[in-house]
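Note that my numbering has the sequence shown beginning at 3, numbered continuously upward.
Step one of this worksheet: look at the structure below.
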Amino acid sequence: MTYTSTMAFHVNCSVQSRPSPFENIVRFKNRLSSSYKPLLKELQQLPMQLDVSKSIRNASVKLLDAFVDSLFQFADQPVLPSQSNFAPVDELNEPLAITSIEGKVPYDFPEGVYIRNGPNPLFGGLKSTSSVFGKTGHMWIEGEGMLHALCFDKDGDGETWTVLYNNRHVETETFKLEKQRDKPSFLPAIEGSPPAILIAYLLNMLRFGKVNKDLSNTNVFEHSGKFYSIAENHIPQEIDIFSLQTLGDWDINGTWHRPFNSHPKRAPGTGELVVFGVDAMKPFMELGIVSADGKRLVHKADLKFNRCTLSHDMGVTERYNVVMDFPLTIDIQRLIKGGPLIKFEKEEYARIGIMPRYGNADSIRWFEVEPNCTFHILNCFEEGDEVVVRGCRSLESIISESCDVDLDKFEWVSGRLRSKGPVEQDPKHFKNDELLFCRSYEWRLNMETGEVKERNLTGTQLSIEFPMINPNFNGVKNKFGYAQTVHGLASATSGMPKFGGLAKLYFEETANKEWEESEGHIKVEYHEFEGNTFCTGAAFVPKEGGLEEDDGWIITFVHDEDTDTSKVYIIDTKNFTSEPVAKITLPCRVPYGFHGAFMPIPSHNLPVSQLPKSRCHAASHMDFMELSCQSCCKV
3 MTYTSTMAFH VNCSVQSRPS PFENIVRFKN RLSSSYKPLL KELQQLPMQL DVSKSIRNAS
63 VKLLDAFVDS LFQFADQPVL PSQSNFAPVD ELNEPLAITS IEGKVPYDFP EGVYIRNGPN
123 PLFGGLKSTS SVFGKTGHMW IEGEGMLHAL CFDKDGDGET WTVLYNNRHV ETETFKLEKQ
183 RDKPSFLPAI EGSPPAILIA YLLNMLRFGK VNKDLSNTNV FEHSGKFYSI AENHIPQEID
243 IFSLQTLGDW DINGTWHRPF NSHPKRAPGT GELVVFGVDA MKPFMELGIV SADGKRLVHK
303 ADLKFNRCTL SHDMGVTERY NVVMDFPLTI DIQRLIKGGP LIKFEKEEYA RIGIMPRYGN
363 ADSIRWFEVE PNCTFHILNC FEEGDEVVVR GCRSLESIIS ESCDVDLDKF EWVSGRLRSK
423 GPVEQDPKHF KNDELLFCRS YEWRLNMETG EVKERNLTGT QLSIEFPMIN PNFNGVKNKF
483 GYAQTVHGLA SATSGMPKFG GLAKLYFEET ANKEWEESEG HIKVEYHEFE GNTFCTGAAF
543 VPKEGGLEED DGWIITFVHD EDTDTSKVYI IDTKNFTSEP VAKITLPCRV PYGFHGAFMP
603 IPSHNLPVSQ LPKSRCHAAS HMDFMELSCQ SCCKV
């Protein structure tokens, strides 16, 4: 994200066994790498060849836990009233039928599941710790992942809809570990004073074999008919799209041993999945290509980065992979020396790499660009000799220099949105939000001459994030883009990013509004929400059989903070500024989260075994058994 990244990126490392604390410290400093996970798995399957008995080992673990409990004090991080919808909710034990819809779900809306991921911390909220080493705390982008889903099913008459809502945590191994312990166990290890973060890393590693929790709270994607929850700090978890049950980790049949990025991309034409994984130690970034059937890793390459770039997204075109190497970095050596773990180094280089689909580090064509922080790409495509990259660019990052944040104050939650001191100003800009929030931006990279052309597509009046397009145009030239618009005042007041509307971008039309700062900006239409209503997880839903690129809808979760009511809006993208065609009131609050997606799945084509146990399959539509048979909403 960027106002900040949706990415809950954590340094990913493992220990191979239970050596001495000194050996762990050496490994921690010099060999932090997820590439040791295969060896770890093998060692865990071997008989223990230790001189100490199991009882002594168990006693050691208990002593270490007691040491941590006595030394570190957990506390709930404060939540301002304006941050109330960032607070977690309880899991539902069963899907709930929708009983209130204003308007109508369009008859040609596809059957399927609208699903959104987001943080939903265990034990009531995010935590901080204090000790003799200092204080540490979770960043607001942390928290265990929770999936929120609406299932749309059309009855046999083609006119009547049945809609169910459900939510469920993504059950990673660390989620299950803390649930079993029934208390916060992993020490926060991202925000805070460097000595406290280092000690938290070490103690987490000694106790659990990794420095931080495996969060899966950022995105949901589909490949080869299977569905996955993902965040940057771990491999994806396969999920059941209807029950939301976690089915297990996906390591591509044991061939991928590092995290995925949160936005893997399907290659145009081949259906292959292009991914990359970032690590805090070399190799900093590796790229992989997964076969269209999801069973094989057909290509893998070390991109030979010389720093750990906190990179969240990537692009594809018909022939190329597009990678970003921007100066928001994670550096353990910097942390050890007393600096921040995450820092935006605006004086350092920024570059975009164009790589042949099955290329390697030597085949990447690098283009130097102005330093910036870009987490999300709108789209990439080839046009003549140029590769065109469009994304959401800011000139600063609100998650950098975290060691300067005072955990005693409310401002710790906000990163830089409510920073106590002014953000250093660029001579061309005068407002903090012009540096920290994103604008729609375009790079044109000439593969023949090496020339780079950069431009701001919408000026600085419009701040957007979480971009989306018609997914059928991923990697090829497109006319339209969509994004959530930042509500500046609400974000500054709460210290948390809030999105008060949506934007439709017309890439081939020029703006003619008086407030545009200069000629050449593209046309933008806005859909603004009423009052204190904000959205998350917006996704484009293509119309089946649509003739034009913008035939479809935007679907999004919204929350009215005045009434504390959560809804889902469906907005016709052909009539973008008009009222939503449907406003679906949800039976419970849905916290703000990150990325959403619509998965078109005709449920009557699925075998009975793939439907939730609470449903039965009859006469080409879903009838719901005991828990919801009598209360389903027919609209």
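Glycine included, every Cβ here is placed at the ideal spot set by N, Cα and C.
query = Per DSSP, K569 forms a beta bridge with which residues?
reply = Along the sequence shown, read from residue 1 onward, the residue named residue 569 stands at position 567. K569 is bridged to V560, T587.
query = What do you reckon, are the CB atoms on F177 and E224 nearer than 8 Å?
reply = Counted from its first residue, the sequence shown places residue 177 at position 175. Counted from its first residue, the sequence shown places residue 224 at position 222. No, the pair does not count as a contact, with Cβ atoms beyond the cut-off.
Where the beta strand (DSSP E) containing M287 begins and where it ends = As a first step, residue 287 must be located in the sequence shown, where it is residue number 285. From DSSP, the beta strand (DSSP E) with M287 extends over 287-292.
key: Selected residue, minimal CA-CA separation from I103, among P499, Y167, G127, S399   = Start at 1 with the first residue of the sequence shown, and residue 103 comes out as number 101. Minimum Cα distance to I103 is reached at Y167.
ask   = What's the call for D92, buried or exposed, on a 16-neighbour Cβ count within 10 Å?
value = Your numbering for residue 92 matches position 90 in the sequence shown. Label assigned to D92: exposed.
As assigned by DSSP and simplified to three states, the class of L70 = Walking along the sequence shown from the start, residue 70 turns up at place 68. Looking at the sequence shown, residue 70 is not Leu but Val. The answer is helix: DSSP assigns V70 an H, G or I state.
ask   = Which class does V318 belong to by DSSP, given the choice of helix, strand or coil?
value = Translated into positions along the sequence shown, residue 318 becomes position 316. Three-state DSSP puts V318 in a strand.
ask   = Between the C-alpha atoms of Y322 and N476, what's the straight-line distance to the nearest angstrom?
value = As a first step, residue 322 must be located in the sequence shown, where it is residue number 320. As a first step, residue 476 must be located in the sequence shown, where it is residue number 474. Between Y322 and N476, the C-alpha separation is close to 13 Å.
task = Could you name the residues that DSSP lists as bridge partners for V488?
result = Within the sequence shown, residue 488 is the residue found at index 486, counting from 1. According to DSSP, V488 bridges with F501.
key: Anticipated Cβ contact below 8 Å, G127 with G595, distance rounded   = For this step, residue 127 is matched to residue 125 along the sequence shown. For this step, residue 595 is matched to residue 593 along the sequence shown. Actually they are not in contact, since the Cβ atoms of G127 and G595 sit about 15 Å apart, beyond 8 Å.
S132 beta carbon less than 8 Å from that of T174 = Along the sequence shown, read from residue 1 onward, the residue named residue 174 stands at position 172. Along the sequence shown, read from residue 1 onward, the residue named residue 132 stands at position 130. No; because the gap between Cβ atoms is not below 8 Å, this pair is not in contact.
request  = Could you tell me whether the region 193-205 touches the region 223-237, using the rule of 3 or more Cβ pairs below 8 Å?
outcome  = Not touching, per the Cβ criterion.
task = Report the option in E349, K479, H523 whose CA atom is closest to the CA atom of N458.
result = In the sequence shown, counting from the first residue as 1, residue 458 sits at position 456. Closest option to N458, Cα to Cα, is H523.
query = Are three or more beta carbon pairs between the region 557-565 and the region 61-72 nearer than 8 Å?
reply = no
query = By Cβ distance, which residues of its chain are closer than 6 Å to D327, with the 5 residues on each side in sequence left out?
reply = By 1-based counting over the sequence shown, the position of residue 327 is 325. Contacts found: T311, R353.
Residue burial classification, T451 (beta-carbon count within 10 angstroms, cutoff 16) = As a working note, residue 451 is residue 449 in the sequence shown. Answer is exposed; the Cβ neighbour count stays below 16.
inquiry  = Spatial neighbours of T495 within its chain, please: C-beta separation below 8 Å, excluding the five flanking residues on both sides.
reply    = Here residue 495 refers to the residue found at position 493 of the sequence shown. Only S84 meet the Cβ criterion.
Exposed unless 16 or more other CB atoms sit within 10 angstroms - verdict on L275 = Within the sequence shown, the letter at position 273 stands for residue 275. Flag for L275 reads buried.
task = Leaving out five residues on either side along the sequence, give the residues of the same chain with a beta carbon under 7 Å from the beta carbon of F30.
result = On the sequence shown, residue 30 is found 28 positions in, with the first residue counted as 1. With a pLDDT of 40 at F30, under the threshold of 50, the modelled position of that residue is not reliable, and the figure given next carries that caveat. Taken in chain order, the residues that qualify are Y203, L204, M207.
key: Distance CB(A198)-CB(N214) smaller than 8 Å   = Along the sequence shown, read from residue 1 onward, the residue named residue 198 stands at position 196. Along the sequence shown, read from residue 1 onward, the residue named residue 214 stands at position 212. It is not a contact, given that the beta carbons lie outside the stated cut-off.
Nearest candidate by alpha-carbon position, reference L94, set L588, K137, I603 = Working through the sequence shown from its first residue, we reach residue 94 at position 92. When only C-alpha atoms are compared, the closest one is L588.
query = Roughly how many angstroms lie between the CA atoms of L249 and I241, to the nearest whole one?
reply = Position 247 of the sequence shown, counted from the first residue, corresponds to residue 249. Position 239 of the sequence shown, counted from the first residue, corresponds to residue 241. Approximately 5 Å between the Cα atoms of the pair.
query = Helix or strand or just coil, what does DSSP make of D159?
reply = Taking the first residue of the sequence shown as position 1, residue 159 is located at position 157. Coil, per DSSP.
For V389 and T319, believed in contact at Cβ under 8 Å, the rounded distance = On the sequence shown, residue 319 is found 317 positions in, with the first residue counted as 1. On the sequence shown, residue 389 is found 387 positions in, with the first residue counted as 1. That pair is a contact at about 6 Å.
request  = Please report how far the alpha carbon of E444 lies from the alpha carbon of H259, in whole angstroms.
outcome  = In the sequence shown, counting from the first residue as 1, residue 444 sits at position 442. In the sequence shown, counting from the first residue as 1, residue 259 sits at position 257. Roughly 34 Å separates the two Cα atoms.
key: Selected residue, minimal CA-CA separation from T512, among F482, Q486, H171, I586   = Position 510 of the sequence shown, counted from the start, is the residue given in the question as residue 512. Minimum Cα distance to T512 is reached at F482.
message = Taking the beta carbon of A151 as the centre, do at least 16 other beta carbons fall within 10 Å, making it buried, or is it exposed?
response = Position 149 of the sequence shown holds residue 151. Buried, since its Cβ has 16 or more Cβ neighbours within 10 Å.
ask   = Does DSSP put Q182 in a helix, a strand or coil?
value = Against the sequence shown, residue 182 aligns to sequence position 180. Three-state DSSP puts Q182 in a helix.
message = The beta strand (DSSP E) that contains P100, what's its start and end?
response = For the purposes of this step, residue 100 is taken as the residue at position 98 of the sequence shown. Inspection of the sequence shows that residue 100 is occupied by Ile rather than by Pro. Element bounds for I100: n/a, residue is neither H nor E.
ask   = Does the beta-carbon distance from F244 to C382 come in below 8 Å?
value = In the sequence shown, counting from the first residue as 1, residue 244 sits at position 242. In the sequence shown, counting from the first residue as 1, residue 382 sits at position 380. Going by C-beta atoms, F244 is not nearer than 8 Å to C382.
message = With distance defined between alpha-carbon atoms, name the residue in T164, R183, F600, E456 nearest to L124.
response = In the sequence shown, counting from the first residue as 1, residue 124 sits at position 122. Among T164, R183, F600, E456, the Cα nearest to that of L124 belongs to R183.
inquiry  = Within a Cβ cutoff of 7 Å, which residues of the same chain sit near G548, ignoring the five residues on either side of it in sequence?
reply    = Position 546 of the sequence shown, counting from 1, holds the residue named residue 548. The residues are G554.
Straight-line gap, D216 to K545 (C-alpha atoms, nearest Å) = Here residue 216 corresponds to residue number 214 of the sequence shown, with the count starting at 1. Here residue 545 corresponds to residue number 543 of the sequence shown, with the count starting at 1. Using only the alpha carbons, I get a separation of about 36 Å.
message = According to DSSP, is D1 part of a helix, a strand, or is it coil?
response = What the structure shows of the chain is the stretch from 3 to 637, and residue 1 is not part of that stretch, so it cannot be assessed.
ask   = Applying the criterion that 16 or more other CB atoms from any shown protein chain within 10 Å of the CB defines a buried residue, is G158 buried or exposed?
value = Translated into positions along the sequence shown, residue 158 becomes position 156. Counting the other CB atoms within 10 Å of its CB gives G158 a total below 16, which places it among the exposed residues.
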